[in-house]
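According to this note's numbering, the residues represented by the sequence shown are 328 to 1344, in order.
Backbone N, C-alpha and C define an ideal beta-carbon position, used for all residues, glycine too.
Values in this document were obtained by computation on a predicted structure and should not be read as measured data.
The next block holds one structure in the form of structure tokens; read it before the comments.
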Amino acid sequence: MTNPSAFVSLLRRSSLAFTAVGALLSSPGFRAQAATAPQVATAAGDEPIELSPFVTTASSDKGYVATSSLAGSRVNTPLRDIAAQIDVMTIDFLSDIGATNMEEAVMFTTNNGGANEQNTGPNDGTLNTRAGGRARGFDAITQSADFYATNLPSDFYNIERITIANGPQSILFGLGNAGGAIDVATKRALFRQRDEVTLRVDNNGSRRAAIDLNHAVIPQKLAVRLAAVDHDGQSYVEDAYNRQKRVFGTVTWRPFERTSWRVSLERTSQRASPASNYITYDFLTPWVAAGRPLYDNSAGNASVTAAAFPLLNRNTNALRVVAYGAGQPSLLVWNGSANTRGPNQLAGVADTRNASLLDNSIFPTSRDARVGSRLNRLNGKLLRTALEHKLTENLFVEIGFNYEEVAEIQGGAFQLGEALNLFADPNRYLPGGTAANRQTALNPNAGKLFIESYPNGTESLSLTKEVRLTTSYEFDSARHFRGWARFLGRHRLAGLVSWRVDEDRSQDTRAMVTGSPSFATGDLLNNSRFIRSRYYLDPAAGSFTARALPGGGSGDRAYFGPWTFTDGATGQAFQATMFDHPDGRQTATGGSRKDVDTFMLAWQSFFLRDRLNLFAGRRQDRFRSFLVAPVFAVRGDQLTPGDRRGLYVPLSRTRFDTTPELKDDATTAAYGAVYHATRWFSVFASRSDNTALPPRFLDTENRLLPGISSNGYDFGFRAALRQDDLSLRVNFFKEHQQNLIGDGQDVRNAIPAIEQRLRGPDRPAGIADVPADGYDPVGRGANAYRSVEDKIGRGLDVTLVARLTRNWDARLALGQQKTRVFNKGADFHRWVERRLPVWRQFGGLGWDNVAISATDPRTVHQYYDQDVASQILEDQLRNNLPRFRQRQWRGSLFSNYRFAEGWAKGLNLGGGLRWQQAPVTTGYFQRTYPDGSTGDDVTRPIGGNSLTFVDLLAGYGGRARLFGSRPMGWRIQLNIRNLLDRDDLEILRSTYMDGGRGLQYGRVEPRQIALTSTFSY
């Protein structure tokens, strides 16, 4: 929730800005103006193109060729005069490739990738439906709409074009990320009447309906536009989906000839269950290959030893497990049973990492067993407005306001990472037997496949408010001077002042038992109050995917609880829930609020009859960051005041601290030059830096992490022919990024097991109290922290956009990126070195005398050596290496030809090619180190496989008059992606065994056939 004083301050600033404009609007000079704002007719002649410095319109684009952008200096500038690396995708191109969201569009860019590219874990692209991909080998790319930061998931039902600005771009896009920014220009209400209905289906079962209604209510004065979409997106992975209902309305009002006011509103509702591209992990094929022998667990599992049963492990987990999916659900403790082993767990195996299950006769690689059991529910709302006034012939001012709120809850029956492991149930009997009292009840699911994990979820809330004042002034010496002074050039000055408030909060929680059943002991975070979930699969009977937990009713209750269960041992009925526990949540809320004041100046100068263009910009951001107030990071009471044995306050009741955790200023700059050597050939160069807002995560000292910072340069040349109908741009770049939250989180994630055993609710008896030291995964939760690293990237961007003839468009993109990683995990390595003496003593018990958990017999010392120290060494060996799974080269080509006469009139044919080079690194061969241990030989990387796809486009359309009405345009379009159905699995990680074969694999999207019908009036 917004801090009241901050919101009052924001309103005060807003009122001052609007009061100033109100005075302008009421001034006699303003009311008496008669000059009409310059306009130029479009090709269609039905909509004038505003010569406003703050907007571009789709009407100015020619097929795939965009002629101008706001991304050069925040004012409308011809692309040929922009030195920064800017790429524009027009609505014609997006329509031809059949893109409906950002991930489908970036496949045709030079150096951008989607959520699954370079992902390093099975949860990437599933926990956050707003994931936007990455650029130039760096991490998350900044997303914006109309140059305001946005957290809404992308959908193209209400956009006119995409602008992709690679590299540090703080001057242009505000605080952001090193790889660059992607901005979408939303639709504007135009002074014409045009209605459009679009229907789309595909071979996955997706259905999409969109409307776009534009009406001029008062000619040249008032226009309204309404766009809406109902999208039921089905994935190529069965049971995965993304359903969105969105509505967008916008109004343009010109109360006076020099004044325009635009306002837009949007509501978004999304329900999704996205699938990971990761293939299920194999924890059963050795047992299957041995003939599926059942284990006699009637007396427990004491007989399970490595020698006697090399294909089995003891199940020592003492939590109650909700088992369902086949027959009647049950709730039992399975710690007297056995689990099957994966090939990585067999004796003598060198590489103990999880391996993908590739045997389709056991479980198909095309399925994700987890997706049906989880739900991502998102709701968003948006208000955006802009008031623009032309003060003089060359002086413009615009005041804008943006408000966006996004609330998301995601979760379900299975924690995604652990539930990727697929087991078989080898137990002949149900659990519960002992040597003295043997179990006689047969296991009805003996031999069946299952996944097991625990129900968990996350609630998140983001809020953005911004008031912005932008001005633009242009001075042309040739129009004001005579003689030599007329050669002093043409100059444009743009200024921006904004006040912005960003809030981000999130809270993780597990399903917890409510009330006081007899088996629930200790405080409210005692393990006895947690439950686990197990879902039995039966591929032979068509059961491939888990479902929501039983006992939760209908709707969202099935995914988030509360659920009602009956304990199999005691017969007691009880409830468990995730988000509705009366005492709170499992972990504390993390997040931050950022108050940002921004001041920006950008100067463009054109000399030598516009042959030389110089640009300089400077931006200052003053920001204050506030963490969630410390009182909300402390557990509540359970029985007596101050016992701190309860739960944490739910996110909705948390507030931010009134004292800033961080106060800082960031000054960024950009410089550029373009020289048009001839009418068709230009050279350019630019240098820029940027700083991102501090994330909501903490460092090892409980301080707010600083924002990502980066700097870099671009240079190259551009060749254009036939009035820019054919444009080639070749750009070389280098960037340095610091304080990036990268993929080196393994040490951070391995530490909590030790700290929980040392200081958590289930610490061993007789242990002394040990205080936290900075990083506190017990009190704050590990998810409140992140490890940072640095990257340096070099590469190349090549784009060729052409209108070859009036009816033939083409676009080519080629990119190279070589990014290397530095300081991976170094911050947590230093923390471990400081904490190590405390771990060795382990509260007076000694780390050789304590098991790491009740379910893992390894000592704390053994766990440290195997899971912490080994990972530290691995991080250190990966310093100054190429980014894992980076594809250095990629390219795409797409073209469309429209027949305008003859028997084929109305027909269009086209298609494209997409290619990505094989990753440089998916693993390493091994070497022996001087101390006798073995590890990665970083001089011998193991590569992956390349990807090549062929796409096809065909369409047919025309105009018809129905029942005497006005003419209706219609078009039917067929898009086929991956025409050749190249769906070979992608190697995500390789093993050094067997000559360097694949270890972990990901799915590649198979052929997709989409049919789109469009009707316009």
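**Request:** Pull up the DSSP beta-bridge partners for Lys-792, would you.
**Result:** Lys-792 is bridged by DSSP to Tyr-730 and Val-828.
**Item:** Option in Leu-1306, Thr-1249 and Val-1277 with minimal Cα separation from Leu-1326
**Value:** Checked all of Leu-1306, Thr-1249 and Val-1277; the closest Cα to Leu-1326 is Thr-1249.
**Request:** Classify Val-649 as buried or exposed, calling it buried when 16 or more other Cβ atoms lie within 10 Å of its own Cβ.
**Result:** Classification of Val-649: buried, given that the 10 Å Cβ count is 16 or more.
**Message:** For Ala-713 and Pro-1268, I'd like the C-alpha separation in whole angstroms.
**Reply:** Their Cα atoms are separated by approximately 53 Å.
**Prompt:** Under the DSSP definition of a beta bridge, which residues are partnered with Glu-779?
**Reply:** Per DSSP, Arg-861.
**Asked** Name the DSSP beta bridge partners of Val-1010, please?
**Response** Partner residues in the beta bridge of Val-1010, as assigned by DSSP, are Tyr-1002 and Phe-1044.
**Item:** Helix, strand or coil at Ile-1094 according to DSSP, with G and I counted as helix
**Value:** Of the three classes helix, strand and coil, the one that applies to Ile-1094 here is coil, per DSSP.
**Request:** Quick one: residues in its chain with C-beta nearer than 6 Å to the C-beta of Arg-358, no 5 flanking neighbours on either side, listed in chain order?
**Result:** Residue confidence for Arg-358 is low, a pLDDT of 35 falling below 50, so the modelled location carries little weight and cannot support an answer.
**Asked** Could you give the distance in angstroms between the alpha-carbon of Asp-373 and the alpha-carbon of Ala-554?
**Response** Its pLDDT being 44, under 50, Asp-373 is placed unreliably in this model, and the value from its coordinates should be taken loosely. For the pair Asp-373 and Ala-554, the Cα-to-Cα distance works out to about 20 Å.
**Asked** Taking the C-alpha atoms as reference points, what is the distance between Arg-519 and Ala-550?
**Response** The straight-line gap from Cα to Cα measures roughly 8 Å.
**Prompt:** When burial is assigned at 16 or more other CB atoms within 10 Å of the CB, is Lys-717 buried or exposed?
**Reply:** Taking all protein chains shown into account, Lys-717 has 16 or more neighbouring C-beta atoms within 10 Å of its C-beta and is therefore buried.
**Runs of beta strand (DSSP E) lying entirely within the region 630–681, each at least 3 residues, in chain order** = With a minimum length of 3 residues, the continuous beta strand (DSSP E) runs that stay inside the region 630–681 are 639–642, 647–651, 657–660 and 664–667.
**Prompt:** At what residue ranges does the region 728–762 contain a whole run of the beta strand (DSSP E), taking only runs of 3 or more?
**Reply:** Listed in chain order, the complete beta strand (DSSP E) runs (minimum 3 residues) inside the region 728–762 are 748–751.
**Assumed close pair Ala-868, Ala-915 - CB separation to whole angstroms, cut-off 8 Å** = Rounded, the Cβ-Cβ distance is 43 Å, inconsistent with contact.
**Asked** Would DSSP call Met-839 helix, strand or coil?
**Response** Taken through DSSP and simplified to helix, strand or coil, Met-839 comes out as strand.
**Prompt:** What did DSSP end up calling Ile-376 once you bin it into helix, strand or coil?
**Reply:** With a pLDDT of only 42 at Ile-376, under the threshold of 50, the placement of this residue in the model should not be trusted; the figure read from the coordinates follows. Residue state, collapsed to three classes: strand.
**Message:** Please report the distance separating the alpha-carbon of Val-1247 from that of Gly-1239.
**Reply:** Approximately 25 Å between the Cα atoms of the pair.
**Prompt:** Buried or exposed: where does Glu-830 fall if 16 or more other Cβ atoms within 10 Å of its Cβ makes it buried?
**Reply:** The residue in question, Glu-830, is buried, as its Cβ has 16 or more Cβ neighbours within 10 Å.
**Message:** Between the alpha carbons of Gly-999 and Ala-516, how many angstroms are there, rounded?
**Reply:** If you take the alpha carbons of Gly-999 and Ala-516, they lie about 34 Å apart.
**Asked** Which residue's Cα is closest to the Cα of Asn-541: Thr-579, Arg-535 and Leu-526?
**Response** For Asn-541, the nearest C-alpha among the options comes from Thr-579.
**Request:** Look at the Cβ atom of Tyr-563, then the Cβ atom of Asn-748, and state whether they are nearer than 8 Å.
**Result:** No; because the gap between Cβ atoms is not below 8 Å, this pair is not in contact.
**Message:** For Thr-1027 and Phe-465, I'd like the C-alpha separation in whole angstroms.
**Reply:** The C-alpha of Thr-1027 lies about 23 Å from the C-alpha of Phe-465.
**Asked** Looking only at DSSP bridge pairs, what is Gln-1300 linked to?
**Response** Looking at the DSSP output, Gln-1300 shares a beta bridge with Gly-1282 and Thr-1339.
**Nearest-angstrom Cα separation, counted from Ala-1287 out to Trp-1297** = Rounded to whole angstroms, Trp-1297 and Ala-1287 show a C-alpha spacing of 8 Å.
**Message:** Between the alpha carbons of Gly-738 and Ile-538, how many angstroms are there, rounded?
**Reply:** Going by the C-alpha atoms only, they are around 32 Å apart.
**Request:** Verify whether the separation of the beta carbon atoms of Arg-819 and Glu-801 is less than 8 Å.
**Result:** At a Cβ-Cβ threshold of 8 Å, Arg-819 and Glu-801 count as neighbours.
**Request:** Would you kindly work out how many angstroms separate the C-alpha atoms of Trp-930 and Asn-438, rounded to a whole number?
**Result:** Taking the straight line from one Cα to the other gives about 28 Å.
**Message:** With a threshold of 8 Å on Cβ separation, who are the neighbours of Phe-690 within its own chain once the five nearest residues in sequence on each side are excluded?
**Reply:** Sequence-distant partners of Phe-690 (beyond 5 residues in either direction) whose C-beta falls short of 8 Å from its own C-beta, in its chain, are Thr-607, Leu-684, Ala-696, Leu-749, Leu-776, Leu-864, Pro-866 and Phe-871.
**Request:** Report back the beta-carbon spacing between Asp-423 and Asn-1223 to the nearest angstrom; my notes put them in contact at under 8 Å.
**Result:** That belief holds up - the Cβ atoms of Asp-423 and Asn-1223 are roughly 5 Å apart, short of 8 Å.
**Request:** Indicate whether at least one CB of chain C lies closer than 8 Å to the CB of Gly-669.
**Result:** The structure shown contains no chain C, having only a single protein chain.
**Asked** Tyr-484 by DSSP, collapsed to three states: which one?
**Response** Tyr-484: helix per DSSP, three-state reduction.
**Message:** By the three-class DSSP mapping on this structure, what secondary structure does Pro-957 have?
**Reply:** Helix at Pro-957.
**Prompt:** Whole beta strand (DSSP E) runs in the region 537–611 with 3 or more residues, listed along the chain?
**Reply:** 549–561, 568–583 and 586–600, all fully within the region 537–611.
**Request:** Can you give me the Cβ contacts of Glu-725 inside the same chain, cut-off strictly under 6 Å, excluding the 5 residues immediately before and after it?
**Result:** Within the same chain, Cβ atoms closer than 6 Å to the Cβ of Glu-725 are found at Phe-381, Ala-713, Glu-715 and Thr-797, the five residues on either side in sequence being excluded.
**Prompt:** Would Ser-700 pass as a contact of Ala-873 if the rule is Cβ separation under 8 Å?
**Reply:** Taking 8 Å as the Cβ cut-off, Ser-700 and Ala-873 qualify as a contacting pair.
**Request:** State yes or no: is the C-beta of Phe-950 within less than 8 Å of the C-beta of Asp-991?
**Result:** Taking the C-beta atoms as reference points, Asp-991 is found nearer than 8 Å to Phe-950.
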